[in-house]
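Visitor: Under the UniProt record's numbering, residues 1 to 610 are what the sequence shown spells out, in order.
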Amino acid sequence: MAFQWWDPSRIEKTVTRKFVSQHLLPPEVERLDKALAFGDGLTDLTYWDWIDSKGKRIFLILVDLGAANHIFDLIDDSWCDDDLPLGPENVERLGNVAKDAKLWRRFYQRQFAYLLKPLNKGDHVAYSDAEMVPVEVIDRKPILTLSNSVDKVVLPNQPGTIFWRRRIPIGDNRPGEMPVEEFLNTIDAVSSTENEHMVSYWGSYIYRGEGFILFDPASEINLKMFLVAQPNCYRNLTKKERRESIMDWILCLTDTVAFLHSKNRSHRYIKPSTVLFNDKNHVFLAQPTRLSPEPLAIHSKNSFDREWYDYAAPEQWFRPTGAPTSPSRRKSSLSSSPETTAISILRPEYASYKPNAMMSTPNPHLNPQAADIFSLGCIILDLLSFLLKKQQKFASFRAAKHKSAGRGGAVLDSSFHRNLGQVEAWMSLLAREASKKASDNDGGNVFRGFTPMLHLVARMMSANPHDRPSAEDVQHRIYQILTEHCKIAEPHCVHQYESQFGAHDHTAHRHRADQDIIASGPSTPPTGYAQEWVYGGEVMSGALGGGYVGDGRQSQIQMHGHVPMQMQMQMQTQVPIRGMQPVMTPAMAPPRMAQRRPIYSGYGGVGPEF
């Protein structure tokens with residue numbers, strides 16, 4: 001049974017004339033209707049009037065202490081609910097109550113049960129050690145580390161809603177503790193990324209030396225689990241609804257990544273276990289922060305997160321040997337028809353990712369937003385494989401070329417980035433299978449969108465991060481595929497986001513030609529680097545570089561990530577690029593633009609953002 005909190009509504013309903021009379025002797029009940037002793041005839045208020053309007057909390061406290069008859073003494077001394085909470089020194093002044101030391105100590109402790117400070121959406125509350133926090137734990141998850149734990153909680157003022165709660169020890173003396181200033185700064189950053197398809201910050205508080213963050217929604221199912229066994233809420237849908245839901249999820253996920261990137265953020269940790277679902281078949285991305293309620297194994301330098309390795313972009317784990325940093329000329333994916341079932345992933349000859357090139361130090365040239373696009377492509381491929389009932393075979397297919405004769409228990413490498421050739425073959429297989437299933441019955445129309453979507457995924461999984469489309473372009477193209485090829489009239493997510501580069505209207509560009517997603521044209525080697533900045537209190541990430549514009553399109557380098565205009569110091573443009581503002585030169589830049597901050601140190605220098 002849920003704990004009954006004494007919120008104002010319950011107090012008001014409980015303390016009635018009948019309730020008060022039940023806790024008093026008959027002579028005391030008669031006294032309720034008498035005028036106040038200290039009024040000297042100047043007021044018509046009775047003792048009951050005082051209790052009803054000014055003393056319900058005090059009366060409840062006295063009832064808890066078994067001293068309800070003392071209410072008259074406290075009223076005669078003009079004590080009322082507005083005087084609460086009383087400090088220990090003031091409790092000693094409570095007339096006859098204070099004569100019993102144990103009684104007044106219990107009064108001090110018990111008063112906080114009737115003085116709840118509610119936690120509302122967006123609030124951060126600092127509770128004193130004596131206060132009662134109106135949060136009830138209903139389920140605890142295993143402790144993630146020695147200092148961090150996650151549980152599920154409910155709030156009395158939010159009936160029917162379950163939250164994830166993350167606990168963080170506050171301090172700077174012991175390992176695992178977080179200084180209070182850093183905790184508050186992190187809350188500021190987390191609260192700015194609320195999205196309907198992301199596990200988002202709801203509220204937070206500090207209590208007895210620990211910081212707590214509440215996230216909503218609290219999901220039970222992730223994609224890793226879903227691919228093995230689907231929940232009843234999904235199985236109960238019709239075949240048409242199930243198929244169209246998967247395609248909707250793809251759009252919602254790309255829309256959410258586009259939202260993050262428009263905020264100059266990146267997720268950095270997209271994998272099946274961070275793609276979540278609720279009992280209404282809505283999809284969510286886990287919060288991309290160190291304080292996320294999802295277990296982020298990457299925080300431990302001595303741990304190996306196999307799942308993250310499998311879905312990470314190649315540059316997050318390996319340094320390309322002798323690879324240039326400029327975008328590669330497209331040969332197959334862009335030139336081939338979006339309807340052909342032969343899918344190819346751009347893998348330049350120079351992009352050689354070898355085991356001995358595995359990185360042990362952060363990669364200063366890493367563009368985390370481009371890495372998000374690669375990982376998102378892997379997730380989309382998982383969902384498309386599921387629609388064709390082939391998801392169980394995908395991992396073994398990716399690792400097939402690593403099998404060799406002889407005995408041994410070595411785990412085969414089934415990662416996407418080390419098996420792009422196998423992934424390419426798998427996509428061609430899916431395209432052929434989907435073309436056979438396309439129909440106008442039971443949602444078979446979704447299979448008409450497979451081939452163009454697989455061509456898009458091939459670009460998202462390009463070995464060279466500069467060859468990958470932006471999240472905005474991916475969202476535009478998927479919306480186009482769902483509406484024009486799959487004939488889904490009203491996809492779930494169509495949003496407009498605004499970044500440092502201006503507004504992005506996701507409906508105005510839905511008919512943009514596929515080949516325009518990545519600009520083509522002459523190129524020269526770029527100058528610049530990818531890095532992360534703190535600018536105006538915001539975390540920025542992206543690629544800075546040089547180049548020029550020809551044919552009205554960017555022909556040298558894409559600005560992966562949204563970088564403030566003041567920081568685009570090295571790019572010179574001759575004409576606007578898709579509505580971009582003129583770029584600021586070094587002479588135009590303000591004297592103090594930003595303070596560089598190292599990326600959270602994980603494998604390849606990539607980890608949760610905060």
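Think of the CB as a built atom: it goes at the ideal place given N, C-alpha and C, for glycine as much as any other residue.
State the Cα-Cα distance for the pair Asp64 and Lys34, rounded to the nearest angstrom.
Guide: If I take the Cα positions, the gap works out to 25 Å.
Visitor: So what does DSSP say about Leu32, is it helix, strand or coil?
Guide: coil
Visitor: Let me make sure I understand the geometry here. Which of Asn445, Asp100, Ile138 and His417 has the alpha-carbon closest to that of Gln316?
Guide: His417
Visitor: If we ignore side chains and look at the alpha-carbon of each, how far apart do Ala587 and Asn278 end up?
Guide: For Ala587, the predicted model reports a pLDDT of 36, less than 50, meaning its position is unreliable; a value from the coordinates is still stated below. Their backbone Cα atoms lie some 51 Å apart in a straight line.
Visitor: Beta carbon of Leu155, beta carbon of Gln111: below 8 Å?
Guide: no
Visitor: So, using beta-carbon positions, are Val190 and Tyr205 closer together than 8 Å?
Guide: No. Outside cutoff.
Visitor: Give me the residue from Glu433, Tyr234 and Val228 with the minimum Cα distance to Gln392.
Guide: Val228
Visitor: Tell me the DSSP secondary structure of His485 in three-state form.
Guide: Under the three-state reduction of DSSP output, His485 falls in the helix class.
Visitor: Could you say if the stretch 461 to 475 and the stretch 431 to 448 meet the contact criterion of at least three C-beta pairs nearer than 8 Å?
Guide: no
Visitor: Quick check on the DSSP output: what are the complete beta strand (DSSP E) runs of length 3 or more inside the stretch 416 to 499, in order along the chain?
Guide: Along the stretch 416 to 499, the beta strand (DSSP E) occurs as fully enclosed runs of 3 or more residues at 496 to 499, listed in sequence order.
Visitor: Near Asp413, what residues of its chain come up, given a Cβ to Cβ distance below 8 Å and the 5 sequence neighbours on each side ignored?
Guide: Ala399, His402 and Asn419
Visitor: For the beta strand (DSSP E) containing Pro169, list its first residue and its last residue.
Guide: Phe163 to Pro169
Visitor: Can you tell which of Ser78, Lys56 and Asp77 has its C-alpha closest to the C-alpha of Ala68?
Guide: Lys56
Visitor: Can you give me the start and stop residues for the beta strand (DSSP E) that Gly211 sits inside?
Guide: Glu210 to Asp216
Visitor: Counting C-beta neighbours from all protein chains within 10 Å, is the total for Leu25 16 or more, i.e. buried, or is it exposed?
Guide: exposed
Visitor: Would you call the stretch 305 to 313 and the stretch 372 to 382 touching, i.e. three or more CB-CB distances under 8 Å?
Guide: The count of Cβ pairs closer than 8 Å, one atom from the stretch 305 to 313 and one from the stretch 372 to 382, reaches three, so the stretches are in contact.
Visitor: Under DSSP, the alpha helix (DSSP H) around Lys271 begins and ends at which residues?
Guide: That residue, Lys271, is in no alpha helix (DSSP H); it is neither H nor E in DSSP.
Visitor: Are Leu116 and Trp6 touching if we call contact CB-CB under 8 Å?
Guide: yes
Visitor: Strictly by DSSP, which residues pair up with Gly66?
Guide: Gly66 is not bridged to any residue.
Visitor: Can you list, in chain order, the residues of its chain with a C-beta nearer than 8 Å to that of Thr46? Leave out the 5 residues immediately preceding and following it.
Guide: Leu32, Asp33, Lys34, Ala35 and Leu36
Visitor: Unbroken beta strand (DSSP E) runs of length 3 or more, entirely within the stretch 84 to 157: which are they?
Guide: 124 to 126, 136 to 140 and 149 to 154
Visitor: Could you give the C-beta distance for residue 639 and Phe447, rounded to a whole number, given that I count them as a contact under 8 Å?
Guide: Shown here, the chain extends from 1 to 610; a query on residue 639 therefore has no answer.
Visitor: Look up Met225 in the DSSP assignment and give the residues it is bridged to.
Guide: The partner list for Met225 (beta bridge, DSSP) is empty, contrary to what the question assumes.
Visitor: Suppose you measure from the CA of Lys18 to the CA of Ser53; what does that come to, to the nearest Å?
Guide: 15 Å
Visitor: Where does the unbroken alpha helix (DSSP H) through Ser53 begin, and where does it stop?
Guide: Tyr47 to Lys54
Visitor: Does the distance from the CB of Leu276 to the CB of Ile187 come in under 8 Å?
Guide: no
Visitor: Quick one: what does DSSP say Ala323 is sitting in, helix, strand or coil?
Guide: In this predicted model, Ala323 has a pLDDT of only 49, less than 50, meaning its place in the structure is not dependable; the value taken from the coordinates is given anyway. Three-state DSSP puts Ala323 in coil, outside helix and strand.
Visitor: Does the contact criterion of 3 or more C-beta pairs under 8 Å hold for the stretch 249 to 266 versus the stretch 471 to 490?
Guide: As far as the Cβ criterion goes, the stretch 249 to 266 touches the stretch 471 to 490, which means the pair count is three or higher.
Visitor: Glu307: which of Ala286, Ser273, Thr289 and Asp100 sits nearest, CA to CA?
Guide: Glu307 has its Cα closest to that of Ser273, out of Ala286, Ser273, Thr289 and Asp100.
Visitor: Judging by CA-CA distance, which residue of Asp305, Trp249 and Tyr269 is the nearest neighbour of Lys280?
Guide: Trp249
Visitor: Between Trp164, Gln109, Val125 and His124, which has its C-alpha nearest Glu136's C-alpha?
Guide: Cα-wise, what sits closest to Glu136 is Trp164.
Visitor: May I ask which residues mark the beginning and end of the alpha helix (DSSP H) holding Phe72?
Guide: Ile71 to Asp76
Visitor: Going by beta-carbon coordinates alone, are Met460 and Phe374 separated by less than 8 Å?
Guide: yes
Visitor: Below 8 Å on the Cβ atoms is my contact criterion, and I expect Pro179 with Glu210 to pass it. Report the Cβ-Cβ distance as a whole number of Å.
Guide: About 13 Å separates the two Cβ atoms, so there is no contact after all.
Visitor: Can you tell me whether Leu184 is helix, strand or coil according to DSSP?
Guide: helix
Visitor: Do Gln480 and Thr254 have their C-beta atoms closer together than 8 Å?
Guide: no
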